[in-house]
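Numbering of the sequence shown is given in our numbering, commencing with residue 239 and proceeding in unit increments.
This report concerns only the one structure given below.
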Amino acid sequence: MRKFLWKRLAAGALVGCLLVVLSACGGLSETDAETYVKGHLDAAYLGIYDKAYIDLVEDMTEDDARELHESNVSDETEYYLLDFLSIDYPNDEMVERAKEVMEKIYAKSKYTVGTGSKTKDGDFVVEVTVSPLDLYSLLTDDDFYDALDQAGFDEAETEEEYEAVDAIYGPLMLDLLEDRLDDVEYGEDQIIMLQLKKDADGYALVEAGMQKVDEVMVDYSGAYSK
Numbered sequence: 239m240r241k242f243l244w245k246r247l248a249a250g251a252l253v254g255c256l257l258v259v260l261s262a263c264g265g266l267s268e269t270d271a272e273t274y275v276k277g278h279l280d281a282a283y284l285g286i287y288d289k290a291y292i293d294l295v296e297d298m299t300e301d302d303a304r305e306l307h308e309s310n311v312s313d314e315t316e317y318y319l320l321d322f323l324s325i326d327y328p329n330d331e332m333v334e335r336a337k338e339v340m341e342k343i344y345a346k347s348k349y350t351v352g353t354g355s356k357t358k359d360g361d362f363v364v365e366v367t368v369s370p371l372d373l374y375s376l377l378t379d380d381d382f383y384d385a386l387d388q389a390g391f392d393e394a395e396t397e398e399e400y401e402a403v404d405a406i407y408g409p410l411m412l413d414l415l416e417d418r419l420d421d422v423e424y425g426e427d428q429i430i431m432l433q434l435k436k437d438a439d440g441y442a443l444v445e446a447g448m449q450k451v452d453e454v455m456v457d458y459s460g461a462y463s464k
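Here it is as structure tokens:
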């Protein structure tokens with residue numbers, strides 16, 4: 239029933255901000271690297287915009303950090319509706335409802351940022367420990383089948399009828415997920431090394447590390463269940 243595809247980062251603000259240049263006029267310290275990584279994660283997932291983080295990024299404003307968070311929520315919502323729930327016809331009301339639920343999911347994101355260290359090449363590496371939010375265990379296959387049955391999936395034949403099914407099925411699953419969020423558990427901790435790579439203009443967060451964080455933060459497949 240459920241698709242177990244690894245999440246892919248959409249070409250939104252999350253990816254764009256990974257490539258933003260850190261001002262290095264006065265030189266970057268290990269503490270700066272930690273501040274940046276924590277601030278970036280806090281903005282992307284929790285919607286917390288730390289001034290020390292914003293000040294590290296050249297020309298960045300709190301509005302930019304807020305846009306990062308909103309785009310990350312939108313990207314995650316799109317994945318959840320289209321890939322996880324397999325909804326082909328999400329309407330505007332459903333998308334907004336899903337964003338509300340995703341905000342509540344992201345608010346439960348759990349991670350710790352360790353100490354930063356400088357490499358011999360002048361780059362910085364920061365260890366991040368992510369406790370994967372076990373979304374998989376909150377919904378069973380029976381939940382999916384029951385919701386589809388209530389939505390009249392078996393009787394649908396035309397595109398219009400399938401669109402009507404999605405309009406019922408999507409909100410049913412979102413309500414069920416939201417009702418169970420208080421019972422969510424976390425999987426096995428995952429240690430991920432995030433690298434700030436130096437170039438001629440300053441430092442940029444290497445994209446591959448953040449892709450791994452995004453893959454692990456919300457576990458849709460039970461891959462990290464205890």
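We treat Cβ as the ideally placed atom computed from N, Cα and C, and that holds for glycine.
For Met431, I'd like the list of residues in its chain whose CB is within less than 8 Å of its CB, leaving aside the five on either flank, ordered along the chain. Within the sequence shown, residue 431 is the residue found at index 193, counting from 1. Only Val363, Val364, Glu365, Val366 and Gly447 meet the Cβ criterion.
May I ask which residues mark the beginning and end of the alpha helix (DSSP H) holding Met448? Locating residue 448 in the sequence shown gives position 210, where the first residue counts as 1. Element bounds for Met448: Glu445 to Met455.
List the whole-angstrom C-beta distance separating Arg335 from Leu412, where the pair is believed to meet the contact cut-off of C-beta under 8 Å. Here residue 335 refers to the residue found at position 97 of the sequence shown. Here residue 412 refers to the residue found at position 174 of the sequence shown. Indeed, because the Cβ distance is near 6 Å, the residues count as touching under 8 Å.
Quick one, which of Asn329, Leu410 and Thr269 has its alpha-carbon nearest Gly352's? Along the sequence shown, read from residue 1 onward, the residue named residue 352 stands at position 114. If we check each option's Cα against that of Gly352, Thr269 comes out closest.
Three-state class that DSSP yields for Gly460 in the structure shown: Within the sequence shown, numbered from 1, the residue matching residue 460 stands at position 222. Gly460: coil per DSSP, three-state reduction.
Could you check the C-alpha separation between Glu393 and Glu399 for me, to the nearest Å? Position 155 of the sequence shown, counting from 1, holds the residue named residue 393. Position 161 of the sequence shown, counting from 1, holds the residue named residue 399. Distance between the alpha carbons of Glu393 and Glu399 is about 8 Å.
Would you say the beta carbon of Leu386 comes nearer than 7 Å to a heavy atom of the ligand MG? With respect to the ligand MG, the structure shown offers nothing to examine, as it has no ligands at all.
Beta-carbon contacts of His307 that lie in its chain and below 7 Å, excluding the five residues immediately before and after: In the sequence shown, counting from the first residue as 1, residue 307 sits at position 69. So the qualifying residues of the chain are Ala281, Ala282 and Gly285.
For Glu453, does the count of other Cβ atoms within 10 angstroms reach 16, so buried, or fall short, so exposed? The sequence position of residue 453 within the sequence shown is 215, counting from 1. Flag for Glu453 reads buried.
Taking the C-alpha atoms as reference points, what is the distance between Gly425 and Gln449? Sequence index remark: in the sequence shown, residue 425 carries index 187 (1-based). Sequence index remark: in the sequence shown, residue 449 carries index 211 (1-based). Near 18 Å, if we compare the C-alpha coordinates of Gln449 and Gly425.
Looking only at DSSP bridge pairs, what is Ser333 linked to? The sequence position of residue 333 within the sequence shown is 95, counting from 1. Looking at the sequence itself, residue 333 is Val, so the reference to Ser does not match. Val333 is not bridged to any residue.
Sequence-distant residues of the same chain with beta carbon closer than 6 Å to Met298, five excluded per side: Here residue 298 refers to the residue found at position 60 when the sequence shown is read from its first residue. Excluding sequence neighbours, Met298 sits near Ile292.
Would you kindly check if the distance between the Cβ of Thr315 and the Cβ of Lys337 is under 8 Å? As a position in the sequence shown, residue 337 is number 99, starting the count at 1. As a position in the sequence shown, residue 315 is number 77, starting the count at 1. Yes, they are a contact pair.
In DSSP terms, what Ile429 is bridged to: Indexing the sequence shown from 1 puts residue 429 at position 191. For Ile429, which the question treats as bridged, DSSP gives the partners Thr367.
Between the C-alpha atoms of Asp372 and Asp404, what's the straight-line distance to the nearest angstrom? Along the sequence shown, read from residue 1 onward, the residue named residue 372 stands at position 134. Along the sequence shown, read from residue 1 onward, the residue named residue 404 stands at position 166. Roughly 25 Å separates the two Cα atoms.
Looking at C-alpha atoms only, which residue of Val422, Ala402 and Glu296 is the closest neighbour of Tyr458? To locate residue 458, count along the sequence shown from 1; it is residue 220. Answer by Cα proximity: Val422.
On a CA-only basis, which of Leu320, Ala345, Lys276 and Lys289 is nearest Glu416? Give me that one, please. Counted from its first residue, the sequence shown places residue 416 at position 178. Here the closest residue by C-alpha is Ala345.
Backbone CA spacing between Met455 and Val311 [nearest angstrom]: Position 217 of the sequence shown holds residue 455. Position 73 of the sequence shown holds residue 311. Each residue's alpha carbon lies about 13 Å from the other.
Assign Ile429 to one of two classes, buried (16 or more other C-beta atoms within 10 Å of its C-beta) or exposed (fewer than that). Position 191 of the sequence shown, counted from the first residue, corresponds to residue 429. The residue is exposed, with fewer than 16 neighbouring Cβ atoms inside 10 Å.
Using three-state DSSP, classify Ala262 as helix, strand or coil. Stepping through the sequence shown from its first residue, residue 262 is reached at position 24. Low confidence applies to Ala262: its pLDDT is 48, below 50, so where it sits in the model is not reliable enough to give any reading.
Per DSSP, the bridge partner or partners of Phe362: Numbered from its first residue, the sequence shown carries residue 362 at position 124. BP columns for Phe362 point to Lys356 and Leu434.
Which of helix, strand or coil does DSSP assign to Tyr349? Mapped onto the sequence shown, residue 349 falls at position 111. Looking at Tyr349 - three-state DSSP - the assignment turns out to be strand.
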